[in-house]
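Take a look at the structure:
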């Protein structure tokens, strides 16, 4: 796996083996960041269930001002650190070695807000709803912030989490990226697309 574009383009990233990890495909990662390109510059970015850190590192490569990696696995955190070191990244990052729900509660207690939140737990995980509710109830998204959740296409997420509502879906194979924002006009038409 390599960084696709930006400052660290072409840097090889170590991946995780033997854990319940399903890295986001390069194609889906490229599509995600094409969508985020108008808003990634100087954004505060939260990568929940960060795995190898590839999404957060891509965000830094493309101009995010700071990335916070949340990952419960110690082995995965070691890989994130190795990947950051390999790219020469030592500033503008935070690594939180906690489970996602505890990390969201801690972020709320610190009054943190993020411009972009990427949430990609194992598809069979039971933390989708609790984490999404923690983000919504604690207003962890900044004004005009975006949350993107990657999940199995056949298992759609709830139509809303309080005032956090979906506004776009991108489907590729079995994977789906659902984009959420706060206070969306309920009557606004959803955008969805399938990538062949």
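In our numbering, the protein residues as written are 1 to 196.
Glycine included, each C-beta is placed from N, C-alpha and C at the ideal position.
Tell me whether residue i sits in a helix, a strand or coil according to DSSP, three-state version.
| i | result |
| --- | --- |
| residue 106 | helix |
| residue 130 | helix |
| residue 56 | helix |
| residue 14 | coil |
| residue 176 | strand |
Using only the alpha-carbon positions, how far apart do residue i and residue j sit?
| i | j | result |
| --- | --- | --- |
| residue 157 | residue 71 | 21 Å |
| residue 189 | residue 180 | Because residue 189 carries a pLDDT of 45, less than 50, the predicted location of this residue cannot be relied on, and no value is offered for it. |
| residue 5 | residue 34 | 10 Å |
| residue 2 | residue 29 | 11 Å |
| residue 166 | residue 141 | 14 Å |
| residue 146 | residue 164 | 10 Å |
Sort out for me which residues DSSP pairs residue i with in a bridge.
| i | result |
| --- | --- |
| residue 161 | 164 |
| residue 44 | 66 |
Assuming residue i and residue j form a contact by the criterion Cβ under 8 Å, report the distance between their Cβ atoms to the nearest whole angstrom.
| i | j | result |
| --- | --- | --- |
| residue 49 | residue 119 | 7 Å |
| residue 80 | residue 95 | 6 Å |
| residue 84 | residue 111 | So it is not a contact: roughly 25 Å between Cβ atoms. |
| residue 63 | residue 40 | 6 Å |
| residue 45 | residue 59 | 4 Å |
| residue 11 | residue 86 | 6 Å |
Do residue j and residue i count as a contact pair if the criterion is CB distance below 8 Å?
| i | j | result |
| --- | --- | --- |
| residue 104 | residue 135 | yes |
| residue 56 | residue 67 | yes |
| residue 100 | residue 127 | yes |
| residue 177 | residue 155 | no |
| residue 123 | residue 152 | yes |
| residue 7 | residue 65 | no |
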